[in-house]
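The block underneath contains the structure these notes are about, expressed in structure tokens.
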Amino acid sequence: MPYATLQPVFPLYASCSKHVCNNPPAMHPSAKVVLGPKINAGTSDLSAANTNLWGIKLHWSTGQPEPGRRLRRRMEAPMNLLHDAGIQATQWLQEHFQGSQDWFLFISFAADLRNTFFVLFPIWFHLCEPVGIRLIWVAVIGDWLNLVFKWILFGERPYWWVHETDYYSNASAPAIQQFPLTCETGPGSPSGHAMGAAGVYYVMVTALLSIAMGKKQSKTLKYWILWAMLWTGFWAVQVCVCLSRIFIAAHFPHQVIAGVISGMAVAETFQHIHSIYHASLRRYLGITFFLFSFALGFYLLLRMLGVELLWTLEKAQRWCAHPEWVHIDTTPFASLLRNLGILFGLGLALSSHMYLESCRGKQGCQLSFRLGCAAASLLVLHLFDAFRPPSHIQLLFYVLSFCKSAAVPLATVGLIPYCISQFVATKDKKGV
């Protein structure tokens, strides 16, 4: 039967130097006293003697664990049920949709914010600049909030929880498959993929509807047909992303639902923040510094309080089926610096002479020029993305990841449009 170990609370009890204290504290009403051997206060292994500092054993008459552990188990019980339901959902999807494995892996790959920065941003920025800027802000701030939420909520991931939980103590744990995109190293709640996809696609859908509505703000039949099609497509994408994350055992269902809601909330908030379109370089630098300082300070503060925020790294390395599937670029600080690099680079690009001379010049109003910039940006960024920072030195990896991310908007917004505008201007002079 379990024993209750009582620790000395007051200095009076802690200072007993001989055998035992003469005044033991009051016992829990559900406990009964069983006399045991007295021990010296200097004994280091109290649990081995199954006694406490007053030389007694406590047997819980109900056969239940001590009150603290009982309370902890009561708190864990609802989450265990929620996690078990998620494991059953993962197992069901893997059994019934095994043939769709490649589709689910593609969806998880496509929903990564990397594709927002390398694909969607260049297209939208050169076709509708305010939407491109809003995409970056929603993606960066949303992913930063996702990091903070994950550090606060301590969410588990299915692929390690199923091995570590004692929920299946009387039965064998369910067998779930792992995939190359399963072994992410951060906490699981809320889902970053679901949150990012919801925020980014919410921005694009609302932007298309605003363009369709026109300056007259008229909502015709064609508008409502487009409205129905776009929002149906939006929710179809969200369902696919959520099912994908559950299928590969990277998230529980409640985590992806929380991600979708959070992403939409961030995107809707930025619908009403118009200062981002005219922010100065100083504002970009200040916000970048604040986001980094807050995240680092929050991390160090909790470390001082004894809370290890990188507790998931050990779990990922221990329970991932293939060690090579654990990548440093999925760690919390890697994503933080990658996103802050994007925001920092956008601020530099929008304040650069190259941007002002090209995109803000006469050529910037021409559709052919903007289409050419978008196409050239996609090509250059695709080649640039082939560069992978070395990961054997973490600090070097983080610094190079920040620089690589900063180069993306610098090239898209400043360098590529400037080169194209200079090429066109030179060609026009020769033609004259």
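Using my numbering, you'd call the opening residue of the sequence shown number 685 and step up by one each time.
The beta-carbon is built from N, C-alpha and C at its ideal position, and this holds for glycine as well.
Problem set entry | residue 877 - containing alpha helix (DSSP H), residue span | 876-897
Exercise. In angstroms, rounded to a whole number, what distance separates the CA positions of residue 1073 and residue 855?
Worked result: 45 Å
Exercise. Does the Cβ-Cβ distance between residue 820 and residue 1094 come in under 8 Å?
Worked result: no
For this session: Measure the alpha-carbon distance for residue 755 versus residue 839 and round it to whole angstroms.
Result: Bear in mind that a pLDDT of 46 at residue 755, under 50, signals an unreliable position, so the number given afterwards is only what the model happens to contain. Approximately 20 Å, taken between the alpha carbons.
Exercise. Of all the options 1076, 1055, 1062, which has the alpha carbon lying nearest to the alpha carbon of residue 811?
Worked result: 1055
Exercise. Considering only C-alpha positions, which residue in the set 1004, 1020, 923, 1025 is nearest to residue 933?
Worked result: 1004
Exercise. Can you tell me the Cα-Cα spacing of residue 1032 and residue 965, whole angstroms?
Worked result: 6 Å
For this session: Out of 869, 783, 827, state which residue places its alpha-carbon closest to the alpha-carbon of residue 1010.
Result: 869
Problem set entry | Three CB pairs or more closer than 8 Å across the region 943-956 and the region 1006-1024 | no
Exercise. Would you report the Cα separation of residue 1096 and residue 1037, rounded to the nearest angstrom?
Worked result: 14 Å
For this session: From the DSSP output, in three-state form, read off residue 1044 for me.
Result: coil
Problem set entry | Residue from 1079, 1084, 1053, 1077 whose Cα sits closest to the Cα of residue 1068 | 1084
Exercise. Can you tell which of 1064, 1078, 1080, 1100 has the C-alpha that lies nearest to the C-alpha of residue 1053?
Worked result: 1100
Problem set entry | Runs of alpha helix (DSSP H) lying entirely within the region 994-1022, each at least 4 residues, in chain order | 995-1003
Exercise. Is the CB-CB distance between residue 1042 and residue 1102 below 8 Å?
Worked result: yes
Exercise. Sorted by chain position, which residues of the same chain lie with C-beta nearer than 8 Å to residue 950's C-beta, five sequence neighbours on each side aside?
Worked result: 822, 825, 826, 829, 879, 883
Exercise. Going by alpha carbons, who is nearest to residue 972 out of 931, 1020, 1110, 1013?
Worked result: 1020
Exercise. For residue 1077, which of helix, strand or coil comes out of DSSP?
Worked result: coil
Exercise. What do you reckon, are the CB atoms on residue 865 and residue 792 nearer than 8 Å?
Worked result: yes
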